[in-house]
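>
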Amino acid sequence: MISEIDTVEIVAGLMTVAARTAPKSMGIDSIVTKIVPAKELESFATKMDEIGEQTGMTFFNTNANHLRAADLMVLIGVKGCLPLGANCGGCGHSTCAEFGKEVRAAQADADYPGPNCIFKVTDLGIAVGSAVKCAASHNVDNRVMYTAGVAARKLQVMDECSIVYGIPLKASEKNIFFADAVMH
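Position 10 (the sequence shown) corresponds to 10 in UniProt numbering; numbering is contiguous.
1. Using a Cβ-Cβ cut-off of 6 Å (strictly less than) and excluding sequence neighbours within five positions of A106, which residues of its own chain qualify?
2. On the CB-based measure, 16 or more other CB atoms within 10 Å of its CB, does G166 come out buried or exposed?
3. Helix, strand or coil for T33, going by three-state DSSP, please let me know.
4. Cα separation between A57 and I51?
5. If I follow the unbroken beta strand (DSSP E) through L75, where does it start and stop?
6. Is the beta carbon of C134 sitting closer than 9 Å to the one on M15?
7. Nearest CA to the CA of G125: which residue from G27, I31 and D6?
8. If we count the other Cβ atoms within 10 Å of its Cβ and call it buried at 16 or more, is T33 buried or exposed?
9. Could you tell me if S172 is buried or exposed, where buried requires 16 or more neighbouring beta carbons within 10 angstroms of its beta carbon?
10. Three or more beta-carbon pairs under 8 Å between the stretch 143 to 151 and the stretch 85 to 96, yes or no?
11. Taking DSSP as the reference, what is the three-state secondary structure of M48?
12. Checking 9 Å against the spacing of the C-beta atoms, do I76 and V128 come in under that value?
13. Pull up the distance between the alpha-carbon of S25 and that of K120, whole angstroms please.
14. DSSP on N116, reduced to helix/strand/coil?
15. Going by the beta-carbon positions, is the gap between M73 and F44 smaller than 9 Å?
Okay, structure coming up:
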C-alpha cells in the first residue's frame, strides 16, 4: 500500500519534471532542482531561524516553523549569472559579454548575488509556477519560500545557482503554510 508520504514524494518528482520541461528562453536550460527529504529539513529551518534572528526579519522564523512541519521540500534554482546571448540590456549591461565579465565575488554574502540575466530569472519564475501548479493539481499543499531558498544558498546547497526558491510540501487536513497570518 502506498502511504500519503510516498504520494507526496511522487508529486515532488513530478514537480521537478514540470520545472525541467517548462519553457526556457532560447531553449537553454539553466534550471536546477533538488528534493530535500524530511530528515534534512531541520538544517534548513535552523539556518532560517539564524537569519531571522540576525536580520530581524521574523518571517524567516515563521517560515522555519512551517518547514519543520512539512513532509519534504523541492528546491528550484537557476544559474542566473550565465549570459544568454540576447544582448537585451535587462541585466544593466549593454551586452551579454559585459554581463559575463561582471565580478560577483563582492556579493558572495548576498541572498542572491547579481546581476542576473533577466531571461534566466523569467525562466525560474515559469519553472516554479509549473512546479507549484503540478503540486496543486495533485492536492498537495505547498508554498513558495524565498526564505528557504536563501537558507539553501547559505548552506551551499545548489551553490551553482544564483537564485533558489524552496517549496515545502505537506499532505494534511489543513494547509499549514497559510494557517498563520504572515505580515511582511
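In this text, a Cβ means the ideal position worked out from N, Cα and C, and glycines have one as well. Since this is a predicted model, take the numbers as computed values, not measurements.
On the basis of the data shown:
1. In this prediction, A106 has a pLDDT of 49, which is less than 50 and means its spatial position is unreliable; nothing more can be read from the coordinates.
2. Per the 10 Å Cβ criterion, buried.
3. strand
4. For the sequence presented, residue 57 should be read as Met rather than Ala. One C-alpha to the other measures close to 8 Å.
5. Taken as a continuous stretch (DSSP letters only), the beta strand (DSSP E) holding L75 covers L72 to V78.
6. yes
7. I31
8. buried
9. S172 is classed as exposed because its beta carbon has fewer than 16 other beta carbons within 10 Å across all chains shown.
10. no
11. helix
12. Cβ distance < 9 Å, so I76 and V128 count as in contact.
13. One C-alpha to the other measures close to 7 Å.
14. In the structure shown, N116 sits in coil (DSSP, three-state: anything other than H, G, I, E or B).
15. yes
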